[in-house]
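Note sheet for the following structure.
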Amino acid sequence: MSDKKQHLYLVDGSAYIFRAYHRLPPLTNPQGTPVGAVYGYTTMLWKLADDLDAADGPTHLAVILDKDSKSFRNDIYPEYKANRPPPPEDLRPQFPLIRDATRAFSLPCIEEQGLEADDLIASYAREAQRKGWDVTIVSSDKDLMQLVGEENGANGSGRIDMLDTMKSQRIYLDEVHEKFGVTPDLVGDVLALMGDSVDNIPGIYGVGPKTATKLIAEHGSLTAALDSAPDMKKSKLKERLLEGREAAELSRVLVTLKEDCDLPVAIEDMALGKIPEGPLVEFLQTHGFTSLLKRLGAGTGSPERANNLNPAKADKNGDKGSVEGNRQPLSEMPQVDRSAYETVQTLERLQEWTRRATAARLVAVDTETSSLDAMQADLVGVSLALGPNDACYIPLAHGGTDLLAEKPDQVAMADAIAALKPMLEDDAVLKVFQNGKYDLNVLERSGISVSPIEDTMVMSFDLDAGRGEGMSAKGIGGHGMDELSERHLGHTPLSFKEICGTGKKAIPFGEVPLGRATEYAAEDADVTLRLYRMLKPRLSEEGGTSIYERVDRPLIPVVAAMEREGIKVDRARLAKLSEEFAGETARLEKEIHEVAGEEFSVGSPKQLGEILFEKMGFKGGRKGKSGAYSTDHATLEKLSSDPEAAAITKKVLEWRHLSKLKSTYTDALQAQINPYTGRVHTSYSLVGAQTGRLSSTDPNLQNIPIRTPIGRQIREAFVPEDGNVLLAADYSQIELRLAAHMADVGTLKEAFANGEDIHSRTATEMFGEVTRDTRARAKTINFAILYGISRWGLAGRLEVEPDEAQAMIDTYFQRFPGIQRYISETLTSVGERGYSETLFGRKTWFPRIKSKNQAERQGSERAAINAPIQGTSADIIKRAMARMLPALRDAGLKDVRMLLQVHDELVFELPERDVAAASPIIERVMAEAALPSVTLDVPLAIDIGTGASWDAAH
DNA sequence: ACGATCACG
DNA sequence: GACGTACGTGATCGTA
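So in full-length UniProt numbering the end of the first sequence lands on 954, straight run, no missing numbers.
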């Protein structure tokens with residue numbers, strides 16, 4: 001410790017609390033005061049203080065706050081920060097609590113009248129730097145990036161870097177350069193040119209980061225850049241630089257940090273030591289931060305390390321705890337206590353648990369398996385939870401890999417299945433899962449048809465789709481258990497990684513020692529039950545019951561069954577295609593190298609860009625943030641109009657096409673064939689797409705090629721079993737039909753009622769005649785409407801001037817009255833309520849709809865215009881899916897299997913003899929899927945085809 | 001881990 | 001010539 005270099009951490013407390021407020025749930029303490037942001041702040045301080053012994057951790061630490069919203073900058077420029085809206089109502093009472101929290105940690109908390117936190121941070125950082133200390137500024141404020149700098153042995157000064165604790169990112173010279181394109185000492189000059197709309201720093205109108213960086217990098221300083229203006233050639237930029245000189249100079253003053261403030265506390269007095277527990281305990285108790293209290297009790301380490309040491313204790317649960325679905329306030333729910341869980345190792349104990357579960361009529365269930373792929377996973381164990389901390393783990397296939405080690409005592413698999421099956425299949429016992437589709441498939445493969453079920457992941461999706469942004473586990477989109485537990489329970493469960501490790505060192509769950517396995521597995525069931533108690537009452541309170549009960553919950557077993565069915569693919573056919581594509585790409589690659597005059601990796605956009613635009617000198621320019629040349633399809637297509645360029649770009653386009661097909665489809669699909677079933681089983685995510693659509697992974701069967709003849713060959717490899725055919729049924733133009741209904745557009749409704757070709761009708765309305773060209777344009781415009789139109793976007797697509805695009809939009813609005821009203825009403829409503837809604841009541845939240853960042857806000861607006869339409873379409877096909885097999889079975893058709901869903905299409909496999917009987921039923925179920933909840937003004941038309949391959953069925 | 005690219009509705 | 005230029009996804013590759 002003594003020889004460790006002094007390292008001062010300066011925490012920008014004010015900035016942190018704003019960010020924490022927007023990222024964390026609106027928790028309240030037992031007194032009803034909102035404390036979400038305070039909680040986030042407390043955990044951050046904890047983490048920092050805990051790093052005391054870490055190599056790069058703090059030896060000294062202080063928190064710096066803004067005293068109030070005014071500072072000396074307001075004297076210079078009264079409008080400074082005048083655009084800032086007042087802080088949200090439920091954030092305001094949290095400001096003083098930040099000071100309480102800091103004091104509770106016995107940390108210095110510094111604020112000065114007339115100074116902003118940034119100035120104090122700058123002054124302290126410089127002071128420490130002069131003394132040769134290292135400094136870390138805990139903030140992500142771009143103004144503070146001016147301070148970043150390296151150690152200088154010559155004058156004995158220390159280094160300064162930054163730490164963004166929310167993104168867990170260190171910000172050093174490279175990061176600053178990446179953001180501003182200049183060294184930290186020039187950041188202030190760049191900021192002065194570009195201004196800042198949030199802080200109301202004027203900058204120079206029309207100059208953004210790109211131009212500002214370019215000017216400063218070129219001229220070396222703000223003054224030099226401004227001085228160069230008179231000599232520039234005539235341009236808008238020149239005018240603005242000349243006009244804006246004064247504003248830029250004012251801005252330069254405003255963004256300059258005051259580095260010579262008086263320092264109210266000496267930096268030596270900021271030494272970080274062991275934190276006294278008394279005040280901290282009191283603070284944590286006052287605000288009900290019980291998970292942190294628990295951590296404290298367990299020592300200073302992380303809760304995981306501390307708690308894992310307890311072996312599971314057997315048999316200490318009586319019949320306690322009620323299990324009704326009433327939400328318990330967080331403060332009344334006992335903390336997770338992993339030592340309370342039981343490891344069930346005898347049939348008698350297992351029977352006792354199933355007896356209690358049956359009596360309780362509500363049980364949370366989780367399965368542990370040997371693989372993430374439900375279609376290959378073997379059951380390793382089952383956990384049950386009946387109440388908080390009243391949970392158990394039943395190991396079933398632990399040990400065995402290491403032949404020398406003794407296998408732990410466990411209930412025989414067959415006995416366990418027999419004991420669990422009656423309870424899991426009992427109609428009177430509700431089984432709660434987190435992502436139940438997975439467990440359903442695993443258990444079904446063990447001969448158990450679980451029903452009825454609830455699913456906390458789907459509940460969360462139906463309540464909060466679009467809300468948990470930034471967090472993203474693959475296909476789970478902020479609705480994974482760890483995130484939900486964090487968000488709703490303030491509790492961090494053991495992570496799978498901690499238990500099983502990652503990468504090469506990962507062990508299968510069956511090799512985890514029973515004590516640890518129980519803590520992990522039973523906790524998952526425990527947490528699932530707790531989440532159920534939080535989320536279930538919210539559904540009815542917040543209007544989510546309808547979409548959950550009528551659309552998504554019934555779909556879970558249906559989609560699970562589709563995944564188990566899988567689809568047959570013709571491996572030999574794919575192999576042959578792979579070979580063909582390999583030959584073609586090799587030939588093209590050689591030719592491309594010849595034209596280029598050197599060998600390079602065609603698959604590297606970077607290398608290709610350099611060949612095309614530097615070595616060969618074609619025009620096409622840079623774009624994109626990374627500064628790399630764009631070489632996407634549109635760019636290369638455009639380049640191909642130059643015959644000389646076409647000699648290489650045509651070949652590259654073809655190479656890309658084939659190599660995409662090979663790597664993503666013909667090769668990958670063969671590898672995805674399940675060795676036991678000989679079929680390909682995709683996994684659908686019920687919560688992957690914000691709008692309510694399904695998504696498909698491993699493999700994605702929702703993006704199998706169809707648009708090119710070569711690509712379609714891949715569809716020919718999707719085939720039925722002998723004696724069967726594939727049947728594809730798709731909704732025709734469903735989104736446009738829904739738009740016509742929802743925006744109440746008479747002309748469009750009439751056209752659909754008459755069975756007209758909708759793009760042709762649009763062409764007639766827009767251009768007066770139908771030709772190939774006008775129909776294509778009309779089609780583009782129709783889609784533009786669905787996606788939330790902008791004149792620039794449409795202009796780009798149609799290759800016309802923005803003015804002309806605007807004229808077309810005007811004509812469209814005029815010809816189809818209702819569209820414009822739909823758009824404005826949708827945006828007003830989303831602006832007021834924060835979410836959009838489908839005809840079936842599915843909500844999608846748009847937290848960025850009021851963003852001050854124009855691009856961000858407009859992006860949200862376009863998504864908000866589209867979401868009700870895309871989402872209603874998703875609701876309709878989901879309802880059709882849930883009704884489909886029962887309807888077919890009622891008609892005596894029990895051999896029809898539903899295999900795939902592709903947003904507006906369902907794919908079936910059925911005996912050839914059943915086609916005639918099944919087709920009208922499939923058509924009717926799909927066409928009537930909105931009924932009786934919603935009666936549409938337009939008919940839903942269904943196209944049906946059958947064939948010996950998916951391609952042939954279209 | 002991330003951006004670029006491209007497959008689908 | 002500005003922050004950006006159509007909605008929703010997932011897989012693969014090259015590169016940092």
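From the three backbone atoms N, C-alpha and C, an ideal C-beta is built for every residue, glycine too. In this text, all values refer to a predicted model and were calculated from it rather than measured experimentally.
Using a Cβ distance threshold of 8 Å, A778 and A763 count as a contacting pair. Taking all protein chains shown into account, T102 has 16 or more neighbouring C-beta atoms within 10 Å of its C-beta and is therefore buried. Scanning its chain for C-beta atoms nearer than 7 Å, with the 5 sequence neighbours on each side dropped, one finds around V190 the residues F180, V182, A212, T213 and I216, in chain order.
Rounded to whole angstroms, the gap between the alpha carbons of Y77 and S168 is 35 Å. Per DSSP, the beta-bridge partners of D161 are T136. DSSP, reduced to helix, strand and coil, places N724 within a strand of the structure shown.
Pairing G208 with L186, the inter-Cα distance amounts to about 16 Å. Note: V558 is not bridge-paired with any residue in the DSSP secondary-structure output. By the Cβ-count criterion, D390 is buried, with 16 or more other Cβ atoms from all chains shown falling within 10 Å of its own Cβ. For P78, there is no enclosing beta strand (DSSP E), as DSSP gives it neither H nor E. Per the coordinates, the alpha-carbon of S604 lies some 17 Å from the alpha-carbon of E594. Counting only residues of its own chain and dropping the five nearest sequence neighbours on each side, Q690 has a CB closer than 6 Å to the CB of A465, G466 and T844.
Apart from the 5 residues on each side of it in sequence, M423 sits with its Cβ closer than 7 Å to the Cβ of T354, A357, T358 and V429 in its chain, given in chain order.
Rounded to the nearest angstrom, the gap between the Cα atoms of K47 and L272 is 13 Å. For L494, the CB contacts under 7 Å within the same chain, skipping 5 residues up- and downstream, are E304, E519, Y520 and E523 in chain order. Listed in chain order, the non-local C-beta contacts of L839 below 6 Å within the same chain comprise T872 and V934, local neighbours out to five positions each way being set aside. The C-beta distance from I819 to I785 rounds to 6 Å, short enough to meet the 8 Å contact threshold. The region 378-398 makes no contact with the region 548-563, as fewer than three CB pairs between them are under 8 Å.
The beta carbons of V719 and W655 sit no closer together than 8 Å. Judged by beta-carbon spacing, N724 lies within the 8 Å limit of P911, meaning their Cβ atoms are closer than that value.
The region 152-164 makes no contact with the region 279-297: fewer than 3 CB pairs, one atom from each, lie closer than 8 Å. Cβ atoms of A525 and P395 stay farther apart than 8 Å, at about 14 Å. Residue state for T708 is assigned as coil, using DSSP reduced to three classes.
With a threshold of 16 other beta carbon atoms within 10 Å, F72 falls short and is exposed. With contacts defined by Cβ atoms closer than 8 Å, A125 and V135 form a contacting pair. The beta carbons of A225 and L242 sit no closer together than 8 Å. Scanning its chain for C-beta atoms nearer than 6 Å, with the 5 sequence neighbours on each side dropped, one finds around E837 the residues K843, in chain order. Relative to I110, the option among L61, A561, M884 and A927 whose CA is nearest is L61. Counting only the Cα atoms, C261 lies some 6 Å from L120.
As DSSP reads the structure, T697 sits in a beta bridge with S683. The beta carbon of L193 sits closer than 8 Å to the beta carbons of G203, I204, V207, T211, A212, L215, I216, L222, A225, A248 and S251 from its chain, once the five residues preceding and following it are set aside; these are given in chain order.
Sixteen is the threshold: since fewer than 16 other Cβ atoms of the shown chains lie within 10 Å of the Cβ of P939, the residue is exposed.
With contact defined as three or more Cβ pairs closer than 8 Å, the region 758-774 and the region 803-818 are in contact. In this structure, P513 is the residue among M166, H488, A360 and P513 with its C-alpha nearest to the C-alpha of A397. Here DSSP, grouped into helix, strand and coil, assigns E454 to strand. Counted as a single uninterrupted DSSP element, the beta strand (DSSP E) harbouring M898 occupies residues R897 to Q901.
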